[in-house]
Ligand SMILES: O=S(=O)(Nc1cnn(C2CCNCC2)c1)c1cc(Cl)ccc1F
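See the structure below:
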């Protein structure tokens with residue numbers, strides 16, 4: 018699956034960042050507290066720990082499970 022443009026409508030299942038870190042679940046607040054809660058952004062597809070673009074970034078991203086790295090982009094090919 019690929020991301021169109023900035024990936025706002027990407028609903029694929031890539032859940033690893035471009036440096037190989039595992040994505041944190043959107044419904045989890047550990048290791049990173051965050052305000053991108055699935056309930057608050059129902060149309061952003063914030064399922065599991067899949068890479069998404071809920072905030073108008075330039076591409077899909079996720080919070081990482083590395084406590085020292087809050088978020089990173091994901092390597093999802095552009096369509
Ligand atoms: O919980 S967060 O989403 N964390 C956060 C910090 N940086 N980012 C980047 C994610 C990729 N796009 C640019 C912002 C997200 C968050 C969002 C806002 Cl508006 C303010 C504080 C904050 F903590």
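Residue numbers (this note's numbering): 18 to 96.
Note that beta-carbon positions come from the ideal geometry of N, C-alpha and C, so glycine has one too.
query, result
"Going along the chain, which residues of its own chain have a beta-carbon closer than 7 Å to the beta-carbon of residue 78, five neighbours each way excluded?", "68, 70, 88, 89, 90, 91"
"Just mark residue 50 as buried or exposed, buried being the case when its beta carbon has 16 or more other beta carbons within 10 Å.", "exposed"
"Which residues bound the beta strand (DSSP E) around residue 103?", "With the chain running from 18 to 96 in the structure shown, residue 103 is simply not present."
"Strictly by DSSP, which residues pair up with residue 78?", "69, 90"
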